[in-house]
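> I have a structure here, written as structure tokens, and I will follow up with some questions on it.
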Amino acid sequence: MKNYAQNVYSRAAQFEPAAYAILRIAFGLILFTHGLPKALGASHGSMGDPMAGSIHLIGDIMGLPFAPQVAFLIMLLETVGSMMLVLGLATRVIAMIFAGEMVGISVALGPTWPWIDRGIEYPILMAFLAFYMVARGGGRFSVDCKWGQHQR
């Protein structure tokens, strides 16, 4: 039985690099769906103007200066940065910036936890995923690996 379990584990482990690439790509694509409406000025779910919503969150809720400029940078992160994650390009740097964004969102929206009440459970999950990508890098199936920025 022990040999069977080791064999199953060994076979499953060979798929880990592809599974991680899928995780990284899904993470990037999900974040892209938040940046694209801001870039296009299109509605996003129940939010008629997501860029205005971001400016409001940054300026009025978080009390940060230069809210329109910061919102523009966030839009760039969520469009260009998310596509960089999909490709596995500068993965650690981009993931660290996304982790910071998710922590900032959690601070701004907290302490409400349930997502259904506009809570922080998903931004916290996304922050932990981003921190994992910081630690893990781009993975085998990434531009980072092709350029020698990640060990196979």
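Residue numbers for the sequence shown follow this note's numbering, so the first one is 27 and each next one is one higher.
Here a beta-carbon is modelled for each residue, glycine too, at the ideal position from N, C-alpha and C.
#1: Quickly, what does DSSP pair M73 with across the bridge? List them, please.
#2: Rounded to whole angstroms, what is the Cα-Cα separation between I48 and K172?
#3: So, with DSSP's three-state summary, where would you put A116?
#4: Does G79 come out as helix, strand or coil in the three-state DSSP assignment?
#5: T59 to M101, Cα distance in whole Å?
#6: Can you list, in chain order, the residues of its chain with a C-beta nearer than 6 Å to that of L55? Leave out the 5 residues immediately preceding and following it.
If we stick to the structure as given:
#1: Indexing the sequence shown from 1 puts residue 73 at position 47. Per DSSP, the beta bridge partners of M73 are H70.
#2: Locating residue 48 in the sequence shown gives position 22, where the first residue counts as 1. Locating residue 172 in the sequence shown gives position 146, where the first residue counts as 1. The straight-line gap from Cα to Cα measures roughly 17 Å.
#3: As a working mapping, residue 116 is identified with position 90 in the sequence shown. Here A116 sits in coil by DSSP.
#4: Locating residue 79 in the sequence shown gives position 53, counting from the first residue. Reduced to three states, the DSSP call for G79 is helix.
#5: Indexing the sequence shown from 1 puts residue 59 at position 33. Indexing the sequence shown from 1 puts residue 101 at position 75. Cα to Cα, the separation comes out at about 11 Å.
#6: Here residue 55 is taken as the residue at index 29 of the sequence shown, counted from 1. Nothing meets the Cβ criterion.
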